[in-house]
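A.B. asks: In terms of our numbering, the sequence shown opens at residue 2 and continues consecutively. Before I ask anything, let me first share the structure, which is written out below as structure tokens.
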Amino acid sequence: MTKATLPPIEEYIEEIKSIWDSHWLTNMGDKHIAFQKQLEEYLKVPHAELMVNGHMALELVIQAFELKGEVITSPFTFASTTHAIVRNGLRPVFADIKEDDCTLDPEEVESLITDKTCAILPVHVYGNLCDAEAIRDIAQRHDLKVIYDAAHAFGEEHDGIGVGTFGDASMFSFHATKVFNSIEGGCVCFSEDRYKDKLYNLKNFGIRGPEVVESVGANAKMNEFQAAMGICNLKHLDENIQLRKAIVRRYQERLSDVKGIRIWKEQSNVKHNYSYFPIFVDEKEYGMDRNSLFDVLDRNGIGARKYFYPLTSEFDAYKGMFDANRTPVAFRLSNQVMTLPLYPDLQTEIVDHICDIIAGNAAHNL
Ligand SMILES: *Cc1c(COP(=O)(O)O)cnc(C)c1O
């Protein structure tokens with residue numbers, strides 16, 4: 002389904018050599034400092050605080066904002082988004098998503114605001130950008146913080162503006178399975194200077210000085226080997242995105258006319274990173290439901306992914322707490338969606354083979 006991107010091994014060895022001179026393995030060494038700076042440039046953001054992974058970046062920025070009460074968010078996401086809210090002692094309130102791009106529906110968000118609401122936590126699902134303007138207007142009118150889960154949107158831009166500048170903060174993930182990786186890794190981007198020291202301290206146990214611990218922090222420091230991998234992979238990212246784009250184009254060409262299959266579409270004015278290629282199976286039109294098509298692909302050795310299924314509001318961990326009927330669009334789409342294999346060196350023949358099976362041209366495989 003995906004294949005972690007690695008740089009040429011010589012480049013990585015060259016990059017980590019200096020670690021053997023310094024013996025500095027973690028705690029904000031040279032690689033960490035250099036990588037963080039490169040990220041700020043690449044993402045076109047004023048501040049990026051580097052973290053050990055995307056999840057801790059999200060947890061810690063929520064903590065830094067000292068929120069209380071309810072956070073309006075999407076259930077159509079990875080476990081991390083909802084867990085980060087709950088692990089901060091806050092209550093997630095799930096709003097429904099838009100049919101076309103799977104991001105939060107601003108009207109649904111506004112209808113759920115109460116005097117307990119403190120923030121909105123939208124997700125740029127599959128790299129589809131949220132309606133950031135509408136969300137900003139709602140947040141301003143109701144005095145709410147906006148924190149984006151931008152894990153899928155690394156390097157994306159809207160009209161030339163980095164998506165990491167949206168809202169009060171945005172989190173990116175550099176996990177091995179993402180479009181860009183530092184093995185594990187992540188960062189939180191923000192514009193207000195005062196959060197710089199706060200987030201820096203929070204990722205290092207809240208330690209401010211040798212004898213001063215000012216907050217109940219975590220350990221979310223990125224180590225030097227991860228930072229070195231990020232530095233190496235960043236050099237090849239644009240070229241990898243072009244390769245992904247060609248694969249997405251192929252999928253689009255081959256699948257656009259298949260009855261009952263809705264495929265991913267670009268948004269206008271967005272520089273996409275082509276991180277995922279989701280399709281939505283309409284059982285009535287296609288003659289088979291998502292699970293059956295998934296099994297057919299699986300029997301043919303093709304690893305698609307039910308991403309996102311189930312909704313986070315349906316997790317065993319949250320049993321009895323939420324009602325998926327309140328987000329009917331998200332619930333339906335989670336039963337129709339799967340993401341198809343996509344990585345830079347995926348061969349065209351394999352893409353064609355997958356499309357043949359989906360288009361029903363490979364009936365003997367059924
Ligand atoms: C990957 C991901 C995360 C978590 O990132 P990690 O770096 O794996 O901790 C959060 N939200 C979404 C939507 C993701 O896809």
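Ideal Cβ placement from N, Cα and C applies to all residues, glycine included. Keep in mind it's a predicted model, so treat the numbers as computed, not measured.
In the DSSP assignment, find the beta strand (DSSP E) that holds glutamine 147 and state where it starts and stops.
C.D. replies: Sequence check: residue 147 is valine here, not glutamine. Segment 146 to 150, the beta strand (DSSP E) holding valine 147.
A.B. asks: Comparing C-alpha positions only, which one of Gly168, Lys146, Asp106, Tyr344 sits nearest to valine 72?
C.D. replies: Among Gly168, Lys146, Asp106, Tyr344, the Cα nearest to that of valine 72 is on Lys146.
A.B. asks: Would the beta-carbon of arginine 291 fall within 7 Å of that of glutamine 337?
C.D. replies: Yes; because the gap between Cβ atoms is below 7 Å, this pair is in contact.
A.B. asks: Residues in the same chain with beta-carbon distance under 6 Å from alanine 96, minus the five sequence neighbours each way, listed in chain order, please.
C.D. replies: So the list reads Ile73, Leu105, Glu109, Val110, Leu113, once near-sequence residues are dropped.
A.B. asks: What residue range does the beta strand (DSSP E) around arginine 92 cover?
C.D. replies: Taken as a continuous stretch (DSSP letters only), the beta strand (DSSP E) holding arginine 92 covers 92 to 95.
A.B. asks: Go to cysteine 356, then tell me how far its alpha helix (DSSP H) extends in each direction, as first and last residue.
C.D. replies: Taken as a continuous stretch (DSSP letters only), the alpha helix (DSSP H) holding cysteine 356 covers 349 to 359.
A.B. asks: Note the first and the last residue of the continuous beta strand (DSSP E) segment covering histidine 48.
C.D. replies: Where histidine 48 is concerned, the enclosing beta strand (DSSP E) stretches over 48 to 52.
A.B. asks: How many whole angstroms separate the CB atoms of isoleucine 280 and isoleucine 303, which I take to be in contact at a CB cut-off of 8 Å?
C.D. replies: Not quite, the Cβ-Cβ distance comes to about 13 Å (not below 8 Å), so this is no contact.
A.B. asks: Where do the ends of the beta strand (DSSP E) carrying serine 257 lie?
C.D. replies: Taken as a continuous stretch (DSSP letters only), serine 257 belongs to no beta strand (DSSP E), as it is neither H nor E.
A.B. asks: Taking Cβ positions, are threonine 83 and valine 124 nearer each other than 7 Å?
C.D. replies: Taking 7 Å as the Cβ cut-off, threonine 83 and valine 124 do not qualify as a contacting pair.
A.B. asks: Among residues of its own chain, excluding the 5 on either side of methionine 322, which ones have a beta-carbon nearer than 7 Å to its beta-carbon?
C.D. replies: So no residue of the chain qualifies.
A.B. asks: Can you tell me the Cβ-Cβ gap for glutamine 37 and leucine 203, rounded? I've got them flagged as a contact below 8 Å.
C.D. replies: No, glutamine 37 and leucine 203 are not in contact; Cβ-Cβ is about 15 Å, not under 8 Å.
A.B. asks: Give me the Cα-Cα distance between isoleucine 242 and asparagine 234, rounded to the nearest whole angstrom.
C.D. replies: Cα to Cα, isoleucine 242 sits roughly 12 Å from asparagine 234.
A.B. asks: Tell me whether asparagine 54 counts as near ligand 1, meaning its Cβ is closer than 6 Å to at least one heavy atom of that ligand.
C.D. replies: Because some heavy atom of ligand 1 lies under 6 Å away, the Cβ of asparagine 54 counts as near it: yes.
A.B. asks: When the distance is taken between beta carbons, is glutamate 50 closer than 7 Å to valine 189?
C.D. replies: In this structure, glutamate 50 lies closer than 7 Å to valine 189 by Cβ.
A.B. asks: Using a 10 Å radius around the Cβ and a threshold of 16 neighbouring Cβ atoms, would you call lysine 222 buried or exposed?
C.D. replies: So lysine 222 counts as buried.
A.B. asks: When every heavy atom of ligand 1 is checked, does at least one fall within less than 6 Å of the C-beta of serine 269?
C.D. replies: Not under cutoff, so the answer is no.
A.B. asks: Compare the C-alpha of glutamate 284 against each of Asn89, Leu256, Phe316, Leu334 and name the closest.
C.D. replies: Per the Cα distances, Leu334.
A.B. asks: State the DSSP-derived secondary structure class of cysteine 233, mapped to helix, strand or coil.
C.D. replies: The answer is helix: DSSP assigns cysteine 233 an H, G or I state.
A.B. asks: Distance, Cα to Cα, aspartate 31 vs arginine 209?
C.D. replies: Going by the C-alpha atoms only, they are around 20 Å apart.
A.B. asks: Would you say the beta carbon of isoleucine 187 comes nearer than 6 Å to a heavy atom of ligand 1?
C.D. replies: It should be noted that the sequence gives glycine, not isoleucine, for residue 187. Yes, ligand 1 has a heavy atom inside 6 Å of this Cβ.
A.B. asks: Keeping to the same chain, check which residues put their C-beta closer than 8 Å to that of tryptophan 25; ignore five residues upstream and five downstream.
C.D. replies: Asp31, Glu225.
A.B. asks: Pull up the distance between the alpha-carbon of lysine 199 and that of threonine 328, whole angstroms please.
C.D. replies: Each residue's Cα considered, the two are about 35 Å apart.
A.B. asks: So does aspartate 169 have its beta carbon nearer than 6 Å to some heavy atom of ligand 1?
C.D. replies: Aspartate 169: no, Cβ never under 6 Å from ligand 1.
A.B. asks: With distances taken Cα to Cα, identify the nearest neighbour of serine 314 among Trp21, Ala133, Pro93, Asn301.
C.D. replies: When each option's Cα is compared against that of serine 314, the closest is Pro93.
A.B. asks: Assuming contact is defined by CB atoms lying nearer than 7 Å, are glycine 55 and methionine 172 in contact in what I supplied?
C.D. replies: In this structure, methionine 172 lies closer than 7 Å to glycine 55 by Cβ.
A.B. asks: Buried or exposed for histidine 365, going by 16 or more other Cβ atoms inside 10 Å?
C.D. replies: Because the pLDDT at histidine 365 is just 46, under 50, the model does not fix this residue reliably, and the point stays unresolved.
A.B. asks: Can you name the residues that DSSP bridges to lysine 272?
C.D. replies: Glu158.
A.B. asks: Cβ atoms of tyrosine 149 and glycine 168: under 7 Å apart, would you say?
C.D. replies: A contact, by the Cβ cut-off of 7 Å.
A.B. asks: Between Leu244, Ser174, Trp21, Val46, which has its C-alpha nearest threonine 349's C-alpha?
C.D. replies: Among Leu244, Ser174, Trp21, Val46, the Cα nearest to that of threonine 349 belongs to Leu244.
A.B. asks: According to DSSP, simplified to helix, strand and coil, what is alanine 58?
C.D. replies: Alanine 58 falls in the helix class under three-state DSSP.
A.B. asks: Which whole-angstrom value is the C-beta distance of methionine 2 and arginine 306, which I expect to be below 8 Å?
C.D. replies: Yes, methionine 2 and arginine 306 are in contact; Cβ-Cβ is about 5 Å, under 8 Å.
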